[in-house]
Amino acid sequence: MIFNKLSLGGVLAAAMSAAALTSAAWAADKPSELKIGITTYSSGSASVFGVPARHAAEILAEGINAKGGINGVPVKLYFIDEGAGLETLMAEYRRLVEDEGVDVTFASISSGVCNKMAPLAEDLEVVNFMWDCGTQRILEDDKYDYVFRTQANATPEVLAPLAYLLKTNPDFKTIAVVNQDYAWGRDSWEIFSNALKTQRPDVKVVAELFPAFGAADFSTEVSRLQALKPDVILSTSWGGDLDTFVRQAKQRGLFESSKFVLPLAESSLQRLRDDLPEGVIVGARGDHYFLHPETRNDEKFKAFNEKFKERTGEYPIYSAAHMVQAFAALEAVYDKAIKANGGEWPTKEQIAEAMIGLNFKGLGRPLVIREDGQAIEAQLVGTTAKRDGYDFKVIDQMEIYDGKDLMAPVGEKSLAWISKFKADFLSKVPATPYRHQ
Amino acid sequence: MSRKSLDAFPDHAVSATAAAEAPWPVRRRHREKYAMNKELLAFIIVAVLLAVVPFTFGTSTTFIAMSLAKGLAVLGILILLRAGQVSFGHAMYFAIGAYAAAFLSSAFRGIDMLLLIGAAILASGVAGAIVGIFVTRYRGIFFGMVNLAFSMVFYSILEKAFHITGGSDGMRIRRPTLLGMELKRAEFDIAIYYVILLFALLSVWLVWRYLRSPMGEALRAVKSNETRLEYVGLSAKSVLLGGYIASAVLCGIGGVFMGMVQGLATPEHAFWTRSSELVFIAALGGPAHVAGAFGGTVVFEAVRTYAAALLDDSWQLILGVTLIVIILWAPGGMVELFRRLTGLDRAKTLTPEAGR
Amino acid sequence: MSDYSASPLLLQAEGLKLRFGGIIAADGIDLSLHEGEHLAIIGPNGAGKTTFLNICTGYLRPQGGSVRFENREITAQPPRQITRLGIARAFQIPQLFAEQTVLENMLLAVSVRERHWNPLRNLHAVPERREMEGLLELVGCSDVRDRVASELPEGKRKLADIAIALALKPRVLLMDEPTSGVASADKFDVMETLMNALRQAKVSSVFVEHDMEMVSRYATRVAVWAQGKIQTTGAPEVVLNDPDVVRNVIGG
Amino acid sequence: MTPNFAVLALLDGIAYASLLFLVAVGLTLVFGVLGILNIAHGSLYAIGAYVAATLGQWLVANGYNPWLTFPALFAGATVVGIALGGMLERFLLQRIYKKDEVLQLLVTFAVFMILENLQRMIWGVQPYFMSTPLNLLGNISFLGINYTAYQVLFLPAAAIVVLFALRHFLRHTAIGAQILAVTEDREAATSIGINATRVYFMTFVIGACFAALGGALATPTTSLVTGMGANMIVLSFAVAATAGLGQIEGAAVSALMIGVARAFAVYLSPELEVIMPYLIMVLVLLVKPNGLFGKDTARKI
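Chains as they are written, first to last, in this note's numbering: chain A, 3 to 439; chain B, 371 to 726; chain C, 309 to 560; chain D, 3 to 303.
As structure tokens, then:
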């Protein structure tokens, strides 16, 4: 019985790889299609990012194929659900790479999954874009030949809101943190608090709360924060956790006594609507905003926003923008590699080589991939405000930071780099201000 | 006798009718031997088939390796089911196995695989003995619940002790050496496949023998009559404890293998739904036979992986329906279905017709 | 009827007291068993006779008094330890391992007796298999040897229960209405075989019994239990003819 | 830290315990009568929440009086309890009452998986919310801390009403008495002619209604996300097992214990918050294997 099942799977697999082989042979050097494996959440709480990103990917793939593909090769997408558990994820990832023969993978949203997929991609020698996960550790700790990140990492994503806070509210004395209890919540607080210590050693941390990931109730945390009355409350939470926390805090007047800093709240604006008060500092893990002051009039930007709104009824959030960046990097790197290869279709080694120093542009400012495979991405931070024409809070008093100022240099680890900050480093980081228009 | 007896695991029921009509010792032995040979033959065939997988269906190697690893844990669940007990916390030992490897491999780079396995056996065995001393006081639902509580405490600690365990992202398990040899990824995949296969076959054989030994038969007695067990001079608690430790160790071995294949130990391994999954697979495969543990796992994992092809995001739905169908119409699981289809059950359970 | 008071003392209960709520089961019970004796306990239903067996085997802890076995204090020790010392028990409601065959029931019992804990040896391969088959032959259970215990008719269950107790090679066997459930035509044959086996194996016994015919034939001594006390004890022919006993126990 | 934190923690604990109790009481009632530990109880909780939210959102969106969202919570819960609970009992559970308890447990686990999946298919994965009732009741201030009246007044009141209504129902109505009889001694109850099928059906539907009600009443306080059922079910297991399975008043006490302990943890040692319920459960069960109020049943031989 065991064998029956096995052989079924095996025969299927064999048949598929045979099909892949023949098609490859037929197209000689140039494949009939460019296969992209994408891990994203379609179940579980992180699907608030995964589902919009998947829509974005589909829109982008349709767009590429409509104009004839990448250098004449149409793209084909394969999605894997990060929420289905690591066994499934790994088995499916391997199957896509080994049997299906995907050319490039985009993995993944979760830092935990990235931690696993990066070494696996390296082992399987398949070009992988870490398109959304935040952890700075992967590329700082190990050297990879096939793994690249097409967006920033946690360091600038956390430092930018801190810089903004220091500039706009220089006088705060106390701070409390309410983060989800998992790697991102912990890591982001580590970066934030270490940087804060260098900039404002006098600020007192009055509470460090890490409620369980996916907690349904923050009433007790809100009570405690009301009793403590910290000047600033930081939360890098997202999704249902952030929504619940914001609603409970708003209902009980916590926003009146404390300044909130919510570095990921750009992704919750449209859901929270009036539950998110004005005057809250919000970020977007990059310069992602559907009203990006520098790029909102670009054709590409407008077209994508419209298509996205048409398909989902919502404006795109940062995870969709990260997906756009991954596709932009893909198109750019094939162009670059094909040119370098004298017009011939490149091998994966050539693609990997072309990634270094690659310039590409998603929906925000242009990005560049450093020699360690890490992209430099600008950061947009602002303050919520109510404006006509939107039934949710928009971002006003924006500041856009250049990514390179907030990143640890190549070869240096973020925390070590942060510990060397001069006392006024962050308040002097250059930024371009914008108002809502 | 109806197959839908009150009994969860109808092999006893089947053998009941069977044995009732087979009073002649000589012929019975003969048949037993015949059945044994047939099973041994099946065992060898399956073992050989699995041994050639890397050469025939190379790309399924890792999938099967993971299924076998999980199957080892299910085998542990099977032992407890023999005593009529079901644990909703055994994923804890699975996680202990994986974390033992994670800690060791991050402390000593290039540590040998066999040491990791040894550490996992030791850690899960010790944990099983300590927790077992408490939980073997309980039976039925409470046994399941107390195990659940222990595993949830453990799960919460794994998540909370961020600086030690890496929190919810877990810990990386670096690729170990094997007998001092450094292995590349492709070599490692093959090597660990054979190590897992070896352990799986060995465990199947050991568990098979154990369940038929006086100690294993005493486990069944825990299920049917603890009073009599006491009154033949045996403590039901210690019998169950023995089975509990064995099951914890099997889960630990499963966990260390899963961890090494995935290169990762995460708290998710210890979450209660994982424990339920193990019990789920045991019921799906059929608790009456060691083959059920592995057959069930392969089917479970295959459905989970390939369900998406049938209907987007539907693996839970499909598995749930499958399990209900199995429980309602074939409570012996796939093993029973298999026997029904092949008629092997007759030989196995010694009905008079079988020998003819 | 011979007198056993000179032979060594096996089991000795002194001043046992136990009450459940308002019901007095035992109120200062003194009872002893000497080697070679077969002591019958008679008395009205619910008088506490089974409770006595439960206390002797450690299933219940008495509120007062003590039980000694071969001059060793065994009060409230767990049943498994008392069993290992040499006191086996057969039950009013037979206690069998329902999922296993009768022979497997026996083999399991003998494995405990002989400490056969090799986890790789098949239960059926224990060396005492012949002996167990012989015991089953003796109690008349050979025909159901390979049947699963839960499927047995009541009479056979009763015998199998006793056979398991005998498999432990006890010094003392405690029985609770050994022949209830056995077809009445066979009762005396069964009891005859059983008692012969006990005598042969030099096993002393205590049995709770309602059938006075049985008591007078097989008991060496009778104890009458009523209102939580031993009303009288003595040779069957004396006790069973005592007018008080006839009026209060046998007649009533 | 203000010296009044103990009072605050108590208040937070009570609010949380009220929700826990509402969910756990249904679980424990069903176990007491049917002898089945219903893992799908968590899904009923989640679906009750989703249905109530959908109904409430619809009312608000169509311009009905927002106070109607209160009855909508109860209506949503009742509909889910009767329709889904009733169907589960009639078409599935009735077939497994005679099976081994392990298999019963697994069937409910299978139902849990199916419902989790269906729930995702119906409501998607974006967080849902409907906080109108919470907003309507406003805040009350206590020791300088704002609390929502919904959480510190309405929820505890609802829990108390449920507790006493259930007590009254069980003690003073015919069907309630039958349910109680079955809880205490199933065999005896059926032998004196109690219609077990009817009692089982009623009980399961009532239990399902409580699960859904717990979900519905939680809706205004939280965001509905996938996986909320899986978390709630282990918590209510912890409550029910700590009290002793089948103990209704006991569930109220242990819910309070767990709720308050958790709140104190947030004030004193936030890292312990998540572990608290399970720690309490382990400790209680180690000392009292049948739970705080469970009865020890000795076997008669």
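Where a beta carbon is used, it is the ideal one built from N, C-alpha and C, also for glycine.
As the structure is a prediction and not an experimental result, all values here were calculated from the model.
- Residues of the region 390 to 412 of chain C with a Cβ closer than 7 Å to any Cβ of chain B, in chain order: T391, R392, R397, Q403, L404, F405, A406, E407, Q408, T409 and E412.
- At least one C-beta of chain A is nearer than 7 Å to the C-beta of B/D539.
- Each of B/I527, B/M704 and B/Y563 was checked against the Cα of B/Q632, and the nearest Cα belongs to B/Y563.
- Sequence-distant partners of A/G39 (beyond 5 residues in either direction) whose C-beta falls short of 6 Å from its own C-beta, in its chain, are Y80, L98, V104 and T107.
- Judged by pairs of C-beta atoms under 8 Å, the region 530 to 537 of chain C does not touch the region 183 to 193 of chain A, as fewer than three such pairs exist.
- No Cβ-Cβ contact shorter than 7 Å links D/L215 with D/A42.
- Closest option to A/A356, judged by alpha-carbon separation, among A/D374, A/V75, A/V383 and A/L274: A/D374.
- Residue-level contact check: B/P657 does not touch chain C, since none of the beta carbons of chain C fall below 7 Å from its beta carbon.
- Counting along the chain, no alpha helix (DSSP H) covers C/V532; the unbroken beta strand (DSSP E) around it starts and ends at R529 to A534.
- Interface with chain D (7 Å Cβ-Cβ cutoff): A/T222 is included.
- DSSP places B/L581 in the helix class (H, G or I) of the three-state scheme.
- Between the C-alpha atoms of C/L318 and C/N362 there is a straight-line separation of about 17 Å.
- Taking 7 Å as the cut-off, the Cβ atoms of B/P657 and C/L431 do not count as close.
- By a beta-carbon distance limit of 8 Å, A/H324 does not contact A/A387. Their separation comes to about 25 Å.
- Between B/F524 and B/K530, the alpha-carbon positions lie close to 10 Å from each other.
- Listed along the chain, the chain A residues whose CB falls inside 7 Å of the CB of B/G633 are K118 and P121.
- A direct Cα-to-Cα measurement between C/S524 and B/W699 gives close to 56 Å.
- Here A/F150 is actually not in contact with A/I378; their C-beta atoms are around 12 Å apart, not less than 8 Å.
- The residue among B/I615, B/G480, B/R452 and B/G690 with its C-alpha nearest the C-alpha of D/L120 is B/G690.
- Residues of chain B whose Cβ lies closer than 7 Å to the Cβ of A/E94 are, in chain order, T675.
- Among the CB atoms of chain D, one or more fall inside 7 Å of the CB of A/L211.
- The residue from C/F399, C/L467 and C/E381 with its alpha-carbon nearest to that of C/K357 is C/F399.
- For the C-beta of C/L431, the chain B residues within less than 7 Å are, from N- to C-terminus, R582, S583, P584 and E587.
- One alpha carbon belongs to A/N343, the other to A/E94, and they sit about 32 Å apart.
- A check of alpha carbon separations from D/Y202 across D/I98, D/A26 and D/L105 identifies D/I98 as the nearest.
- Taking the C-beta atoms as reference points, C/I349 is found nearer than 7 Å to C/V516.
- Residue range V396 to Y403 is occupied by the beta strand (DSSP E) that includes A/D398.
- The Cβ of A/T90 sits closer than 7 Å to at least one Cβ of chain B.
- Classified as buried, B/T675 has 16 or more neighbouring CB atoms from the shown chains inside 10 Å of its CB.
- Residue environment for B/N517: buried (at least 16 other C-beta atoms within 10 angstroms of its C-beta).
- Proximity of A/R188 to chain B, defined by a Cβ-Cβ separation below 7 Å, is satisfied.
- Non-local beta-carbon contacts of C/T383 in its own chain, meaning distances under 6 Å to residues more than five positions away in sequence, involve S374 and V375 in chain order.
- Under the three-state reduction of DSSP, B/L486 is assigned to helix.
- As for any alpha helix (DSSP H) of minimum length 4 sitting wholly inside the region 473 to 521 of chain C, the runs are 495 to 508, ordered along the chain.
- Below the 7 Å Cβ cutoff, chain B contributes R555 as neighbours of A/D125, in chain order.
- When Cβ pairs closer than 8 Å are counted between the two stretches, the region 255 to 267 of chain A is seen not to touch the region 177 to 186 of chain D, the count staying below three.
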